[in-house]
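Please read the structure below before turning to the comments.
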Ligand code: CUK
Ligand code: CUA
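In the numbering used here, the protein residues as written are 8 to 685.
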């Protein structure tokens, strides 16, 4: 891999790399660790910085040739950029993490469902209106549980324009614009209390799909658990995305009512299976829990009775037409295709799938749906063509209690491949391999695809090729563009739930461990290259995009830009237009920020006044960000940005306000006084 810009430096880098590798190999042969030796630091670790040349460092740190290769692959010289960008969910931190690959450097934390003070996210009037969350009980909601980021796609490939992510806790979907990496919209599902299988997008991002999770009465109503089968329902929601406006249009969106199985991970068909979506489910037992009660059964046992659950196979095109034809009911102002209609209009089919499945992942060409049963050592590969044939021939093994036709398992399955314990999620590469995370084995399994992928590798099709240990309990994994129509190969990141002994002890709450794996070589060659601790939230899923597909702005396009509307703010203030306008008891401040003053520096109001305060950063220089701190407000004003705070001046006094970014030599002087007169 070359990250150099000029041919000369490239040549030298290659030479240098070879020299180091050779040194490493020689060093390893000569100074092979004998179990002793090396300068020991605290806790038995070798000291990182040793005097001397590369060879003596390698020796003293007891590095193997593989270690040296890993270091050379992941080290990013200062000023060089990563090949890939990874967007990882921040779990119950409620954000999105942006990480450079292969260096695994944290580039950004995008505030989404949770206020992010240093970005002013959720602190300005504009951004608070986006967060504006209400929890299930009607109270203000200031967190989210982000699980599945989905990059926008064109023709089934990431296009680098938008990112969507769900909030499992409160059934919301957020839209992030990748021109400025800021959240633009959060939609609350009017029918669902929680979600999980999504967000995922259709191949041209016309639809953002949000799959449900724990069944409940639709629309936030009450029903006794004794009425579970009658009154509780599952759900999948199809949000219409307007790419031009950069936002979801709830009025054109709809949901499909599903049986009260617990829908889980989901994926969209592509290419040959374009127009279809696939959702896993578990708890087709319809267990209602209550293990603490006499004679009660814990969910753990109740949801795992049956050998098969149901892969939901949904004809999205037909669903869209059915919704357009008005065959919907409206609940809380939102359209829903009733379960009976979904069954009678041939929108919904079930494929039996073993056993308490978690992930469903569609192969790059859209031919197969790979399902992982948490309690089954196999991945089960369904053939889209076989399912279509079964529909055409009306070949079903029966119907579920809600009238949904069920495929005959044997007639729609292509293969089952035994991989190991606790398979969860699958990704793909450009060499005809699939990669499945094995939670219980703490391993990533590489296995070979068959069918049209057979010609890409020399392994026997549909077989386990290699299992590589990861530390520990891997959940999702993400390969570079690994869930698109054109996976890149190269790198894979295992998103491990437990880190146990991998890092210095930071107390009982440990970081997650993201491990970078080299998958560029075929066959059984795979190597863990890097461990990245995540001490913010638990990343569930992530997606990795080629970095050059992201066309982010350097500065906002115009002075006075409102990121929330992606247009010039009516409250934009230019130099010379700064003013304080009083209208009765309302005082409106139009302020500018530029190195190194806030204008005006004196703002006088009377106790009881309502104050609306707009700040515009009039800088055009890249990275010339100013902050604005006053009481419990903090704004981050990137070059060109306008934001607003408002408050009532309830307490007389003198309040300094100041810039929170160390923006210039005279940054400390970038301040002023708010005087609240009695
Ligand atoms: S889930 Cu977390 S490991 Cu929400 Cu996709 Cu599978
Ligand atoms: Cu502006 Cu500090």
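Glycine residues also receive a C-beta, built at the ideal position from the N, C-alpha and C atoms.
Keep in mind the model is a prediction, meaning the values are calculated, not measured.
The beta strand (DSSP E) enclosing residue i, as first and last residue numbers
{"i": "residue 496", "result": "496-503"}
{"i": "residue 215", "result": "214-218"}
{"i": "residue 466", "result": "Residue 466 -> no beta strand (DSSP E), and no H or E assigned at all."}
{"i": "residue 578", "result": "No beta strand (DSSP E) contains residue 578, which DSSP labels as neither H nor E."}
{"i": "residue 193", "result": "189-195"}
{"i": "residue 491", "result": "Residue 491 -> no beta strand (DSSP E), and no H or E assigned at all."}
{"i": "residue 594", "result": "593-601"}
{"i": "residue 244", "result": "241-249"}
{"i": "residue 318", "result": "316-322"}
{"i": "residue 181", "result": "179-184"}
{"i": "residue 486", "result": "481-487"}
Reduced DSSP secondary structure (H/G/I, E/B, other) of residue i
{"i": "residue 391", "result": "helix"}
{"i": "residue 65", "result": "helix"}
{"i": "residue 51", "result": "Note that residue 51 scores 46 on pLDDT, short of 50, meaning its location in the model is unreliable and no value can be drawn from it."}
{"i": "residue 29", "result": "Any reading at residue 29 is ruled out, since the residue's pLDDT is 47, under 50, leaving its predicted position unreliable."}
{"i": "residue 80", "result": "helix"}
{"i": "residue 5", "result": "A question about residue 5 goes unanswered here, because the residues of the chain that appear run from 8 up to 685."}
{"i": "residue 678", "result": "strand"}
{"i": "residue 206", "result": "strand"}
{"i": "residue 107", "result": "strand"}
{"i": "residue 560", "result": "coil"}
{"i": "residue 120", "result": "coil"}
{"i": "residue 370", "result": "coil"}
{"i": "residue 38", "result": "Reliability of the predicted coordinates at residue 38 is poor, the pLDDT of 40 falling under 50, and no value is obtained from them."}
{"i": "residue 412", "result": "strand"}
{"i": "residue 611", "result": "strand"}
{"i": "residue 329", "result": "helix"}
{"i": "residue 507", "result": "coil"}
{"i": "residue 441", "result": "strand"}
{"i": "residue 691", "result": "Residue numbering for the chain in the displayed model covers 8 to 685; residue 691 lies beyond these limits and cannot be assessed."}
Residue burial classification, residue i (beta-carbon count within 10 angstroms, cutoff 16)
{"i": "residue 148", "result": "buried"}
{"i": "residue 260", "result": "buried"}
{"i": "residue 232", "result": "exposed"}
{"i": "residue 374", "result": "buried"}
{"i": "residue 588", "result": "exposed"}
{"i": "residue 629", "result": "exposed"}
{"i": "residue 586", "result": "exposed"}
{"i": "residue 669", "result": "exposed"}
{"i": "residue 465", "result": "exposed"}
{"i": "residue 655", "result": "exposed"}
{"i": "residue 312", "result": "exposed"}
{"i": "residue 169", "result": "buried"}
{"i": "residue 371", "result": "buried"}
{"i": "residue 584", "result": "exposed"}
{"i": "residue 609", "result": "exposed"}
Assumed close pair residue i, residue j - CB separation to whole angstroms, cut-off 8 Å
{"i": "residue 222", "j": "residue 269", "result": "6 Å"}
{"i": "residue 210", "j": "residue 160", "result": "6 Å"}
{"i": "residue 625", "j": "residue 582", "result": "6 Å"}
{"i": "residue 215", "j": "residue 188", "result": "Wrong, their Cβ atoms sit about 18 Å apart, outside the cutoff."}
{"i": "residue 502", "j": "residue 521", "result": "6 Å"}
{"i": "residue 386", "j": "residue 274", "result": "Rounded, the Cβ-Cβ distance is 14 Å, inconsistent with contact."}
{"i": "residue 543", "j": "residue 108", "result": "17 Å between Cβ atoms; not a contact."}
{"i": "residue 578", "j": "residue 649", "result": "6 Å"}
{"i": "residue 131", "j": "residue 652", "result": "6 Å"}
{"i": "residue 320", "j": "residue 285", "result": "6 Å"}
{"i": "residue 329", "j": "residue 377", "result": "Wrong, their Cβ atoms sit about 28 Å apart, outside the cutoff."}
Residue i: first and last residue of the uninterrupted alpha helix (DSSP H) it sits in
{"i": "residue 262", "result": "Where residue 262 is concerned, there is no enclosing alpha helix (DSSP H), although the beta strand (DSSP E) it sits in stretches over 254-265."}
{"i": "residue 648", "result": "Careful: residue 648 lies outside any alpha helix (DSSP H) and carries neither H nor E."}
{"i": "residue 135", "result": "132-138"}
{"i": "residue 238", "result": "235-238"}
{"i": "residue 686", "result": "Absent from the model: residue 686. The displayed extent of the chain is 8 to 685, so no value can be given."}
{"i": "residue 159", "result": "First-last for residue 159: 157-161, but that is the beta strand (DSSP E), not the alpha helix (DSSP H)."}
Within-8 Å CB hit, residue i to chain B
{"i": "residue 162", "result": "Although the question refers to chain B, the structure presented lacks it and comprises just one protein chain."}
Ligand 4 heavy atom lying under 7 Å from the CB of residue i
{"i": "residue 221", "result": "Annotation note on ligand 4: not contained in the displayed structure, which lists ligand 1 and ligand 2 as its ligands."}
- Query: Taking three-plus beta-carbon pairs below 8 Å as touching, is the region 135-145 in contact with the region 74-85?
  - Reply: Between the region 135-145 and the region 74-85, the count of Cβ pairs shorter than 8 Å is below three; the stretches do not touch.
Between the region 168-180 and the region 569-578, do at least 3 Cβ pairs fall closer than 8 Å? At 8 Å Cβ cutoff, the stretches do not touch.
Q.
Does the structure place the region 489-506 close enough to the region 558-568 that three or more beta carbon pairs sit under 8 Å?
A. Flag = no, the region 558-568 and the region 489-506 do not touch.
### Task
Indicate whether the contact test is met: 3 or more Cβ pairs, each with one atom in the region 280-296 and one in the region 329-343, closer than 8 Å.
Taking a cut-off of 8 Å on C-beta distances, the region 280-296 does not touch the region 329-343, as fewer than three cross pairs fall below it.
Query - Stretch pair the region 344-360 + the region 409-422: three plus CB contacts closer than 8 Å - result: Short answer: they touch.
Stretch pair the region 57-69 + the region 504-518: three plus CB contacts closer than 8 Å: Here the region 57-69 makes no contact with the region 504-518; the two share fewer than three CB pairs at distances below 8 Å.
Is the region 480-489 in contact with the region 437-446, if contact means three or more CB pairs nearer than 8 Å?
With three or more CB-CB distances shorter than 8 Å, the region 480-489 counts as touching the region 437-446.
Subject >> Three-pair Cβ contact test at 8 Å for the region 196-213 versus the region 522-538 >> reply: As far as the Cβ criterion goes, the region 196-213 does not touch the region 522-538, which means the pair count is below three.
Would you check if the region 643-661 and the region 669-685 touch, i.e. whether three or more CB-CB distances between them fall below 8 Å? Contact holds: three or more Cβ-Cβ distances are below 8 Å.
Would you say the region 353-372 touches the region 298-316, given that touching needs at least three Cβ pairs under 8 Å? Yes, the region 353-372 is in contact with the region 298-316.
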